[in-house]
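The structure appears right after this line, and notes come after that.
Residue numbers (this note's numbering): 39 to 273.
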């Protein structure tokens, strides 16, 4: 975050949008999203986060942190499988769907917050009247373009029920212990063969450890597969 702060201090007046990942895909670093949001807002920037590797992995409090918007997938830590629907968050300060005042009798009045407008984002009470004027639902619902697949939604609903029961904060506690355990095993058994470049501080990472090996990674992959561990290689 220090590098981000330095960039904002130098170029903040010319930056419109700060868009970062919540957890960095390659290194596994967990960013301090609240701090980044405050820093960016101090320079008049809008702030958004890609939470593909954060949702279902670590607790997030987007509204309380003042994040403007965020998006994520559900097939990873949300357990819904490939092809599952994505999700989005829009802070309530952007979700009212207010129109820009105009003296002209515009057929398509402009919204304060530009968006791709689809009929499924129209307010529920008169959605099926098929009016030529788009009046968005409040919140993230007003940013939907079309109705989502029911079967895919059922996967998300089943996963969320489990998260409600398990509690993301208890999951996070267990995640920290398991990640520490893996880190300990790696450093005690194969320390000379592997380098962990994910932050060691548990508050700076999720449940991921990114590793660098001093040998051909295919040797490692084949050994893991031989022992019944499913993995893929991205080179």
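From the three backbone atoms N, C-alpha and C, an ideal C-beta is built for every residue, glycine too.
Predicted model only: the values in this text are computed from it and were never measured.
Problem - Distance between residue 217 and residue 239 (C-alpha atoms, nearest Å) - result: 11 angstroms
Practice task
Report the partner residues of residue 59 according to the DSSP bridge assignment.
Solution key: 88
Handout entry: Residue from 222, 228 and 214 whose Cα sits closest to the Cα of residue 241
Key = 214
Problem - Buried versus exposed call for residue 276 [16 or more other C-beta atoms within 10 Å across all chains shown] - result: Since the first residue of the chain shown is 39 and the last is 273, residue 276 is not available in this structure.
Exercise for the section: Tell me whether residue 250 sits in a helix, a strand or coil according to DSSP, three-state version. Expected result: strand
Problem - C-beta atoms of residue 130 and residue 177 nearer than 9 angstroms - result: yes
Problem - Nearest neighbour of residue 27, chosen from 235, 253 and 264 [CA to CA] - result: Nothing about residue 27 can be read from this structure; the chain reaches only from 39 to 273.
Exercise for the section: Say whether the stretch 77 to 97 touches the stretch 40 to 50, bearing in mind that this needs 3 or more beta-carbon pairs closer than 8 angstroms, one atom from each stretch. Expected result: yes
Exercise for the section: State yes or no: is the C-beta of residue 180 within less than 9 angstroms of the C-beta of residue 153? Expected result: yes
Handout entry: Cβ shell of residue 193 (< 7 angstroms), same chain only, five flanking positions each side left out
Key = 118, 119 and 122
Practice task
Could you tell me whether the stretch 57 to 73 touches the stretch 89 to 105, using the rule of 3 or more Cβ pairs below 8 angstroms?
Solution key: yes
Practice task
Go to residue 188, then tell me how far its alpha helix (DSSP H) extends in each direction, as first and last residue.
Solution key: 188 to 204
Exercise for the section: Classify residue 151 as helix, strand or coil using the three-state DSSP reduction. Expected result: coil
Handout entry: Identity of the residues DSSP links to residue 127 by a beta bridge
Key = 108
Practice task
Note down the Cα distance separating residue 115 from residue 248, rounded to an integer number of angstroms.
Solution key: 17 angstroms
Exercise for the section: Return the Cβ separation of residue 86 and residue 107 in integer angstroms, given the expectation that the two are a contact with Cβ distance under 8 angstroms. Expected result: 5 angstroms
Handout entry: Run of the beta strand (DSSP E) containing residue 234, from where it starts to where it stops
Key = 232 to 234
Problem - Same chain only: Cβ atoms within 7 angstroms of residue 70, ignoring 5 sequence neighbours per side - result: 39
Problem - Assigned exposure category for residue 49 - 16 Cβ within 10 Å defines buried - result: exposed
Problem - residue 46 to residue 52 span [Cα, whole Å] - result: 9 angstroms
Practice task
Let me know the secondary structure DSSP gives residue 160 once reduced to three states.
Solution key: strand
Problem - Cβ-based burial, residue 100 [other Cβ within 10 Å; buried from 16] - result: buried
Exercise for the section: Give a yes or no on whether the C-beta atoms belonging to residue 96 and residue 206 are separated by under 9 angstroms. Expected result: yes
Exercise for the section: Inspect the beta-carbon positions of residue 175 and residue 160 and report whether they are closer than 9 angstroms. Expected result: yes
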